[in-house]
Amino acid sequence: MLSTYLNFQFDIQGKPVNGFCLQIQDDFHETYAVVLDGYHSFCVWLDSSSTWRSSRHTSVEPRILEQIINRLSISKLR
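The numbering of the sequence shown is my numbering, which starts it at 264 and goes up by one.
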């Protein structure tokens, strides 16, 4: 089971990505604040159809977002 905090560090095409996710209180979805070095923070959440969504103004490369969601999904299974 995922704790309320997930620290991560990975590379995308040789570019290091460092940050963390913190579960935040949301009465409707499983929601995480994402804080990345060098980027504006944003939220991701698991909606009622079990699909991961992100904030409208998320400005990270799609591969970075995929890695973060993948890590959250894997951590949930443990």
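All C-beta atoms in this analysis are idealised placements derived from N, C-alpha and C, irrespective of residue type, glycine included.
Contacts around residue i, its chain only, beta-carbon distance under 6 Å, and the 5 residues preceding and following it disregarded
i      : result
Val298 : Gly282, Phe283 and Ser304
Counterpart residues of residue i in DSSP-defined beta bridges
i      : result
Phe271 : Gly282
Ser317 : Val307
Tyr287 : A small fix is needed here, since residue 287 is Ile in this sequence, not Tyr. Ile287 pairs with Thr294.
Sub-8 Å separation of residue i and residue j beta-carbons
i      : j      : result
Val307 : Trp315 : yes
Same chain, Cβ closer than 7 Å to residue i, neighbours up to 5 away in sequence not counted
i      : result
Arg326 : Ile275
Ile332 : Val307 and Trp315
Thr267 : Leu285 and Gln286
Same chain, Cβ closer than 8 Å to residue i, five either side skipped, listed in chain order
i      : result
Val280 : Phe271, Gln272, Phe273, Asp274, Leu299, Asp300, Ile327 and Gln330
Enclosing beta strand (DSSP E) for residue i [first to last residue]
i      : result
Tyr295 : Glu293 to Leu299
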